[in-house]
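**Student:**
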C-alpha cells in the first residue's frame, strides 16, 4: 500500500486548529487588560499621576488622573488582546502586541504613581530612560557577543564569564596603572581570554559547546573570586580603585528634550554600545565578512566548498565576541562600581535571552536588552517610591520579564542551522 507524505506545515496547521500562537498571545493579553482595568483601576487613587519630562518633579509633565488612566490603558490593552484573538493580519501582530503591552505597563504605572506617598507621585522620565540604558549596557554588549559567536555556529553560554572577567580585569589593571584606558584594554583582553578557551576546546577539540560555556562561567567565578579575596579585599586602594570614565556631552544633541539629557550626557560605554550595534548590523548584512560569517553559521560545508575557511572564521569571531563582552564587563568597574565577587549576577544569561528574543539580530538584541533594562530600572523606581509590592518580588522582576519574554513572546524561532554543531573537514 502506498502512503502519501503530508507536509510539515500542513500538519502543524491541523494540529493548531483555532488556537494559533497569535490567538493564545491575544487571550493572555486580553486577560491582562481586564486585570489592569479592574484591579489597577480599583487600587489607583484620584491623585494625578505625573510623568515629568525632567530629572525631578519640576518642569513640564504629562498628567492624568490615576484611576482614569489605569482604567483607560487597561481597556486599550484589553482591546489589543481582543484584536489578536480575532486574528488580525500577521503583518500587524507585533504592532498590536506592542500597543497592548505598553498600555498594560502604563495602566500599572498610573496605579503605582498615583498611589505613591505625597511628594513622590511622579515619575522622572529622563532618569527612567537614562537608567534603562545604563542597566541594559552589559546586556547589549553580551548579546552582541552572542550574535558574533552564534552567527558563526558556536553557542556562547560563556557570556557571563566573559563579562565577569572583563569587569575584574578592568578594575585590577585600571587600579594598578591608574589609567582608565589601560583598564579598558585589559577588560577586552580578559573577555578574549575566556573566548579563547571556548574557541580552542569547542572548535579544536570538539567539546560540547554548552557544557564548555558553563565550565568557563564557573572558572571565571572561581578565579576572580579567589583573586578578589587575596588582592582586592586586602588592599582595595591599590587593586580595586580604578579611575572612572567621565560623562561626555554631545553638543546640540544634549539639548533635545528628554532624550538629550538621558542619552547624550553619558559615558563612553553607551556611545560605544550603540555604535557597535550599528557596525555589527551593517557588517553582518552588508559586507563580505558578514556573508561569510552567516554562511559558516548556516551551511559550513557549502561555505568550505566555496573556499571559505570555516574554522578560521569561527576562531576570529569567537575572539572578537570576547573582546566585546569584556568591554561590556568594564562598563561596571570603569564607570559605576568597584569590583565585587560575582558582580555580574546572572546578567550574562539575560543577555543570552536577549539574543534569542532579538532573533540573533544586533538590532533585535538591542531592543530586547532595553526591554530587560527597563524592567530592572522599573524595579529600582518602585522601590524608591515605597511601592506596596514586596521588595523580593521587585528584585525578581527583571528575571520574570526574561522568562515571560522568551517563553511567551518569542514563539518559534530558528537559530542558525549550524549553531552548536562542530565542523570537521572531510
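Residue numbers (the numbering used here): 1 to 426. Yeah, the Cβ is synthetic: ideal placement off N, Cα and C, and Gly gets one too.
Please go through the same chain and pick out, in chain order, the residues whose beta-carbon is closer than 6 Å to the beta-carbon of residue 55, but skip the five residues on each side of it.
**Tutor:** If we look at residue 55 and ignore the five residues flanking it on each side, its Cβ neighbours are 124, 126 and 127.
**Student:** Spell out the partners DSSP gives residue 51 in its beta bridges.
**Tutor:** BP columns for residue 51 point to 62 and 123.
**Student:** Would a C-beta distance cut-off of 8 Å place residue 141 and residue 325 closer than the cut-off?
**Tutor:** Yes, Cβ-Cβ distance for residue 141 and residue 325 is below 8 Å.
**Student:** Rank 112, 339 and 260 by C-alpha distance to the C-alpha of residue 236 and give the top, closest one.
**Tutor:** Selected option, being the one with the closest Cα: 339.
**Student:** Does DSSP classify residue 359 as helix, strand or coil?
**Tutor:** The answer is coil: DSSP assigns residue 359 none of H, G, I, E or B.
**Student:** Could you check where the alpha helix (DSSP H) with residue 234 kicks off and where it finishes?
**Tutor:** Residue 234 -> no alpha helix (DSSP H), and no H or E assigned at all.
**Student:** So what does DSSP say about residue 312, is it helix, strand or coil?
**Tutor:** DSSP places residue 312 in helix when its eight states are reduced to three.
**Student:** Since I believe residue 362 is in contact with residue 284 (beta carbons under 8 Å), could you give me their beta-carbon distance rounded to a whole number of angstroms?
**Tutor:** Confirmed, about 7 Å.
**Student:** Would you call the stretch 94-104 and the stretch 306-320 touching, i.e. three or more CB-CB distances under 8 Å?
**Tutor:** Segments in contact, no.
**Student:** Using 10 angstroms around the beta-carbon of residue 347, count the other beta-carbons present and answer buried if the total reaches 16, otherwise exposed.
**Tutor:** Buried: at least 16 other Cβ atoms inside 10 Å.
**Student:** Could you pull the DSSP bridge partners for residue 249 from this structure?
**Tutor:** DSSP output for residue 249 lists 265 as bridge partner(s).
**Student:** Let me know the secondary structure DSSP gives residue 102 once reduced to three states.
**Tutor:** Helix.
**Student:** Report the CB separation of residue 162 from residue 329 in whole angstroms; it is logged as a contact under 8 Å.
**Tutor:** About 7 Å separates the two Cβ atoms, so the contact holds.
**Student:** Using CA coordinates, which residue listed in 189, 323, 157 and 173 is at the minimum distance from residue 216?
**Tutor:** Nearest C-alpha to residue 216: 157.
**Student:** How is the alpha helix (DSSP H) around residue 226 delimited, first residue to last?
**Tutor:** 209-227 is the span of the alpha helix (DSSP H), which, as asked, contains residue 226.
**Student:** Is the CB-CB distance between residue 369 and residue 39 below 8 Å?
**Tutor:** Against a cut-off of 8 Å, the Cβ pair of residue 39 and residue 369 comes out as no contact.
**Student:** Let me know if residue 17 comes out buried or exposed under the rule of 16 or more other beta-carbons within 10 Å of its beta-carbon.
**Tutor:** Classification for residue 17: exposed.
**Student:** Are the Cβ atoms of residue 230 and residue 122 separated by less than 8 Å?
**Tutor:** Against a cut-off of 8 Å, the Cβ pair of residue 122 and residue 230 comes out as no contact.
**Student:** Please determine, among 225, 130 and 147, the residue with the shortest C-alpha to C-alpha distance to residue 278.
**Tutor:** Out of 225, 130 and 147, 147 has the C-alpha closest to the C-alpha of residue 278.
**Student:** For residue 391, count the other beta carbons within 10 Å of its own beta carbon; 16 or more makes it buried, fewer makes it exposed. Which is it?
**Tutor:** By the neighbour-count rule (16 or more Cβ atoms within 10 Å), residue 391 is not buried but exposed.
**Student:** Considering only the beta carbon of each residue, do residue 137 and residue 273 sit closer than 8 Å?
**Tutor:** Yes, Cβ-Cβ distance for residue 137 and residue 273 is below 8 Å.
**Student:** Looking only at its chain, what residues have a beta carbon closer than 6 Å to the beta carbon of residue 206, apart from the 5 residues adjacent to it on each side?
**Tutor:** So the list reads 422, once near-sequence residues are dropped.
**Student:** Which of helix, strand or coil does DSSP assign to residue 20?
**Tutor:** In the structure shown, residue 20 sits in coil (DSSP, three-state: anything other than H, G, I, E or B).
**Student:** Would you mind stating whether residue 341 and residue 225 have Cβ atoms separated by less than 8 Å?
**Tutor:** The answer is yes: Cβ separation under 8 Å.
**Student:** Enumerate, from N- to C-terminal direction, the unbroken alpha helix (DSSP H) stretches of 4 or more residues contained entirely within the stretch 114-158.
**Tutor:** Listed in chain order, they are 125-150.
**Student:** In whole angstroms, give me the CA-to-CA distance for residue 192 and residue 186.
**Tutor:** Computed Cα separation, rounded: 10 Å.
**Student:** How far does the alpha helix (DSSP H) with residue 288 in it reach, from first residue to last?
**Tutor:** Per DSSP, residue 288 belongs to the alpha helix (DSSP H) from 288-298.
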